[in-house]
Each structure stands twice: as structure tokens, then as C-alpha cells.
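What follows is a single structure, written as C-alpha cells, with notes after it.
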Amino acid sequence: MPSWKLVLATMGIGTLASICMVGVAYAMVKVPTVNQTSTDQGATVYWNDGSQMMKIGSSRTVVQLNQISKPMQQAVVSVEDRNFYHESAVSPTGITRALINDLKGGSTQGGSTITQQYVKNAYLNQEQTISRKFKEIFISVKVGKQQDKDQILQNYLNTIFFGRGANGVEAAAQAYFGKHASALTVPEAAILAAQAKQPGYYDPAIKSHLQDTVNRYDIVLQAMVRSGAISQTDYLKYKDHLPKVKPRSKGNALGGQKGFLYERVKNALSGMGYSDQQIENGGLKVYTTWDKTLQAKAQQTVENDLKARHMPKDTRVGLVTMDPTKGEILAAYGGADFVKRQVDDAYYSTAQVGSSFKPYVLATALKKGISLKTIMNGKSPQYFTTDGDSVAAGTPGATRFINDEANAPNPYVNLVQATADSLNTVYVPLGYKAGWQDVYNLAKSAGLPKQGLQDGHPGEGGFFLGQSDIAPVYQASGYSTIANDGNYITPHSIRRVVDPTTGKTKQPTIERHSAFSAEVAHDVQYAMQSVVTRGTGKNAAVPGREVAGKTGTTNDNVAAWFSGFTPKQLVTTIGMWRFQDRTKKHAAKTIPLQNVGGYPAINGGDLPATIWHDYMSKALSLSKYNEVTHFPPPAYVGNTDLSQTPPPTTKPTPENTPTPTCLPYQNPTRDNCKPSDGGNQNPNCTLHPNRPNCPETSPPASPTCKRIVGCESPPDGNNNGGQGPNARAARPIDE
């Protein structure tokens, strides 16, 4: 057993060696130059052609300490490092606590003085490692010798991030209170000092966690009492009164479409794991998928068409264009002016999609072996059980469904014709035969969000007819899967991000999987072409180009949709509704698209399809998209075992013969469409050769519905189209 002298000698040598190593390390670490990011280099965002779209991040105004109010200085020192003026540049107790936590495997903690925080912001990156912590300590000690306390405090207040895009105390004073930092009062200083812990979170304008802000505000005031900056009397005067802050407005710089793009890029970066500070103060170079030409044409087309039709100002349009082969979002229109209305109708407003949901039902049926050639009875009305069987009226458990046009002379049609005419009385039994759970799973796999699908009440007949609440961006994603031969790709708007401080490039996580086979997709595409060539979506046709799509209209014309695509090129979804935002005078409400724009009622095949045509005609004329492509022929998967045999043909009596009528609002420019007699179409009519091209709508909402939009199917409904937009935030794209 070694003697105690040997043990002491060994310990002494070890201690001396450690001291020497620390000394050598300290001597080797030099104070680097100040990081460029600490002087406010915001993110630079680029269009997909490499040109600059915008900068994210505010300009910093560096001020001297005598230009910062005493209360502001005192508030920060009191809550962040109350011994700042009396102790060294580092805190031994804080460092010890942080190192012990690190060695135990916990997160790398701060334990930092104001000097250390300044060094971390101004000289080092945000890497969370023990070696970086030692660098921080050594540099802090040296900076503490090179600069006096006032200089360090000044530099610290000029470099930290306060939220609201404000880097530095002067920018923060302007962003929160509209005044110079020299004029900040005790309560205002306390609010800004609170931001040092979690920038932007403790903002009194954010009501969702206002109590957290109140609590943090109180902590800062109490710290100021303990440090002697304010008295107990002052504390009692201020503690129950948060200072009034400016509204969280981006200002005119984000007017028009720029604000929507700004928020989409920021949210996409957040989804990739970047913090607000990294985004607004990290000098990131962000290369996006956004096509500036398509973006401009989307805005131009929507706004011109709405104006030409004299549509009300509360008309909302969400438009999204994607490249289905890459999952890239190329353009999106979410509103006319972000500054005036900060609701992105392309990304976050949802409405029931009506019959534009039917392609997912068809894909499921085909996947289950039901052929396009299957003959089904499309007469209206019909009563269906949950097995999809047509039964007599009054049968217990049966639900009544109707089509929204007069019965055809021969209601027995194949699935292509049923899709073209959007026959609810075919798609309800088809959905039941395919299985509601399988329809749900396929739609989800294709790109529709879980929450929106659940809102559609899977299991009810109306689920197959589009009573799910979906935002346009997700409907575009689902149709991209159909257009991409059944292959899903996560919709995304960022290609890569380059961090100049590390030189590293990061890309978003992109999921790819097959939702259904290419053969199934080809059959769905074939059926959807009939919608545009001879069905409810004729107004979307683009001369010289093949187009597949589907219309959707909800009950009382509250929402109208058209989604479509060209072969392996562009997918565009357009959703339209009227929504009156809440004001002091009235509550928020939806308004039917009726008696507006020259239409008695707007359906998916009307103005949405017209806007789609006008926009896509411009898009497809661009050199990058002007190649004429073709859809593959149908594969005719499955069999026709479910085909229903038409009854013997009998000549109906005249009084029982339904007289087809033309809806002039289907295309107001087409005159003389009413048949001259009960069976023949007027030769001047360019609509369906056998019967008028009538739109499909949805059943009334249930009086028990409690949501803003998206109500359950009523007992006698057909497709339970929605009640309008639901501004519920959907999960962010690019997550």
C-alpha cells in the first residue's frame, strides 16, 4: 500500500499538471474577431432561379451606453447578472453547476455572466459542447481584462436578440414601444429584459401565454428590488400593470404577397430546426423552390378575375401550385395583402373539399380490384346502408343521397362517366364497397392531414363526398400523388440552407413512399380527364393541353374547388369561399357564394375552374412548362364483378319524363342551352350531348355542428360540403 507521502506527491503533481494544462490552453486561446452575425446579418432568401427574394432580419442600430436608459441597464443587470459590476468575467459557481450537469449527460447549461453571454453571441457559434464552454470561459476572462464593464454591457445590449426581428436594444425599443432606448421606462425595460431568457416569447401582445409574460415581468421587477435599482414602493406600483406595446405588425415592407412568403419561409426554417435567432441573425442563405414568375402570375390572375367578376372583398381564394415529380411548392396565393389580413388562405384556412375528394375514393376502389368499367346505378335519390346497398326509402339505418342534377335517361354508368358527372349516388356505395378505413388510409398516405380527414367523420356516407376540412396546400399535395403515378413526396418549399458560420448545408427531411400503384394512378388520371373534356370541369380546359382534374362544391355554395394537373408538369389547387372576419361590429361568419359575380351560385366548375384555366394557360406558356406532355393510357385494373344490370328499358310516360334543364350560370357566356324539347339538346349548346353540364353541391350542415366549418352529414345529405374556411393552423409544411 503506497505511503501517504507518495499519495500526496502524486496528487500534487496531478494538480500542477492540470494547472499547467489549463494555463497552456488559456494562453493558446486568442480573442477572435467579432462574428459578423453579431452585427445583424439576416437570412438571405432566394427564388428557385437563384435571384434574391428577400432578407429576413432587421437592421441593428448600435448605440452608446449613455443612449440606453438607466432602467434598461439596471433591469438587464439585475435579472441576468446582479454581481456584474462587482465580480470577475466568469462565475465559478455557475460554471461548476454547468459542468456537473454536462458530465451527467444533461443539456449544456449556461451559468453565464453577462460577459460570457456577450462572448457567446459576439465571438463564438451556438455549438453546445464542453470544449466550446471552456473557450467561452477563457475568452471571457481576456475580454474582461481588455474592456471595462460599461463597454461590455453596451456591447451585450447591442448584440442580443429580443424577438420581433429586433437585434439590439435600440431596435427592440422601436419594435415594442416605438421609442428610442434612451426613453425606456422601468416597466418597459422590465419587459425587454424578460426577452433575454426566451426572445419574443414574453411579448405582451401574444395572448396565448400572457400569464407566462406576467410571471416573467414580475421576476424582473423583483430582481430590480433586490439589486436596489427600484424600491418596494416602485415594485408595488408597477407589478400589476404591463406596459402597452405596439401591435405585432410587419409594416408595409411585408405588404402584398411578400408577407405571406416571409412567413412561409420562416415557418419552413423553423420546421427544419432553426431558432428565431439563427433565422434572423445567423446569416443563413436560404434557397427555395418558389418560382417568382408563377407567383406573380398567380396573384395577377386571381385578383384580375375576382375584379372582373366584381366579387365581394370578403371572397377568399387559396391557390397552390406544385411540381408533382419533386414535391416542390412553386407558387401560392393566400390573400391580397398580408399587412391588411395576416391569414394565409393557401396554407392555413380549411374548408370541406366536396366532390374534389372523390379521386381518393376511386383510387381506393381501383386498388381493391373494382374496375373503371364497372356499371353502377346513378339514379337519384337513393337510400344506402353502411354496406353500400341501395334499399327502399324508410329502411332502418339507411341514409338518403341525391345527385345535383336531373336523372339521365339511362342512369347506369361506368365509373369514368360517374366521375365526369360527379354522381354522388355512385360514389357513396363505391366508397362503402371499397371500405371507409381504406379510403381514409389512402387519402392520408396521398398527403391529406389526419386532422382534416377526421373532421370528415369517416364511416359516414358523406365522408366519401368530401366533408373533410382540408387546406389548399394539402389538397395540392394529394393531387400531386395522383399526378406522380401514386408516389407521395413531402410538399416542401426549401431546397437547401447554407450556414456561413460553419459552411454546412442542410436540406429538409423529405419522405417518399408509394400510396398506390402507377396502374391505379393511370386509371384515376383517365377518369379525371373526363371531368375536363365532358364533365363538370369543362371551364378548366386548356386548348392543346391534356388536363385532368376534379370540381368540388359544398352545401349552399359555401366553398367551391377546382384541382387539376397536366401530365408530370404542374398541379394547381384552387379553393374559394367567402369569410367575414370578426370585428367589433360583427362575429366571424361564412357567407354562401350565391348571387355574386354574375352567378346565382358559384360551383367548382364555375369561377374556380375559370381561374384555374386562366392561370394555367399563362403558366403553361412559359418556356420551362410549354412542352406538350401526354397522360398514359388507362390500365383498366380490377374487374367488373360489382356491375349492376340495368332493368329492361321502358318508355316513360311524358309526365314522368324528367326535363333536363341547362344551368346558365355554369358558363354565363353560353346561351340557348335549354333543350328545345324533352329529349334533344339544342344544337347551339356546347355542354354535355345528352344532358346539361350541371354542378354538384353538398347537403346542408347539421344543426348540431359546433365548428366554424366542417359539419357532419345530415340524415338526407349527399356530400356534406363544408361551411367555409376554418382558420385552424395546420401542421407546418417542411416539417
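Mapping of the sequence shown onto our numbering: position 567 corresponds to residue 718, and the numbering continues sequentially without gaps. We put the beta carbon where it would ideally sit given N, CA and C, even for glycine.
- For Val648, the enclosing beta strand (DSSP E) starts and ends at 645–650.
- For Gly700, the beta-bridge partners assigned by DSSP are Gly715.
- Under the three-state reduction of DSSP output, Tyr750 falls in the strand class.
- When DSSP reads this structure, Gly469 sits in a beta bridge with Gly726.
- Ranked by how close their Cα comes to the Cα of Arg211, the residues Pro759, Val228, His764, His331 have His331 in first place.
- Counting along the chain, Ile303 sits inside the alpha helix (DSSP H) bounded by residues 300–310.
- For the pair Asp465 and Lys509, the Cα-to-Cα distance works out to about 28 angstroms.
- For Val196, the enclosing beta strand (DSSP E) covers residues 194–197.
- If you draw a straight line from the Cα of Tyr269 to the Cα of Asn366, it is about 26 angstroms long.
- The residue from Met205, Met375, Ala374, Val230 with its alpha-carbon nearest to that of Lys409 is Met205.
- Straight through space, the alpha carbons of Ala322 and Asn309 are spaced by roughly 9 angstroms.
- Per DSSP, the continuous alpha helix (DSSP H) segment holding His673 begins and ends at 669–685.
- Counted as a single uninterrupted DSSP element, the stretch harbouring Ala597 is not any beta strand (DSSP E) but the alpha helix (DSSP H) occupying residues 587–597.
- Judged by beta-carbon spacing, Glu414 lies beyond the 8 angstroms limit of Thr440, meaning their Cβ atoms are not closer than that value.
- Here the alpha carbon of Ile621 sits roughly 20 angstroms from the alpha carbon of Arg492.
- A Cβ-Cβ distance of about 5 angstroms is found for the pair Gly314 and Gln346, placing them in contact under the 8 angstroms criterion.
- Among the bridge pairs identified by DSSP, Glu479 is matched with Asp474, His643.
- Per the DSSP secondary-structure output, Ala627 pairs with nothing in a beta bridge.
- Rounded to whole angstroms, the separation of the alpha carbons of Gln720 and Ala669 is 16 angstroms.
- Leu744 is not a Cβ neighbour of Ala770, given a cutoff of 8 angstroms.
- In the DSSP assignment, Val709 falls outside any alpha helix (DSSP H) and carries neither an H nor an E.
- Residue burial is scored here from C-beta neighbours: Asn272 has at least 16 other C-beta atoms within 10 angstroms and is therefore classed as buried.
- In this structure, the alpha-carbon of Tyr352 lies about 17 angstroms from that of Gly424.
- Under DSSP, the beta-bridge partners assigned to Gln203 are Tyr197.
- DSSP places Tyr353 in the coil class of the three-state scheme, outside both helix and strand.
- Of the residues Ala482, Lys477, Gly406, the one whose Cα lies closest to the Cα of Asp442 is Ala482.
- With a cutoff of 8 angstroms on beta-carbon distance, Thr705 and Ser573 are scored as not near each other.
- In this structure Ala699 is buried. Its beta-carbon is surrounded by 16 or more other beta-carbon atoms within 10 angstroms.
- For His664, DSSP records a beta bridge to Tyr639.
- The Cβ neighbour count for Tyr236, taken over all protein chains shown within 10 Å, is under 16; the residue is labelled exposed.
- A direct Cα-Cα distance of roughly 12 angstroms separates Gly433 from Leu420.
- Sequence-distant Cβ neighbours of Phe489 in its own chain, meaning closer than 6 angstroms and more than five residues away, are Leu405, Gly410, Phe411.
- If you check the CB distance, Gln626 and Thr724 come in under 8 angstroms.
- In terms of Cα proximity to Arg663, the closest of Met527, Val230, Gly598 is Gly598.
- Note on geometry: alpha-carbon atoms of Ala514 and Ser665 lie some 13 angstroms from one another.
- No Cβ-Cβ contact shorter than 8 angstroms links Lys524 with Pro562.
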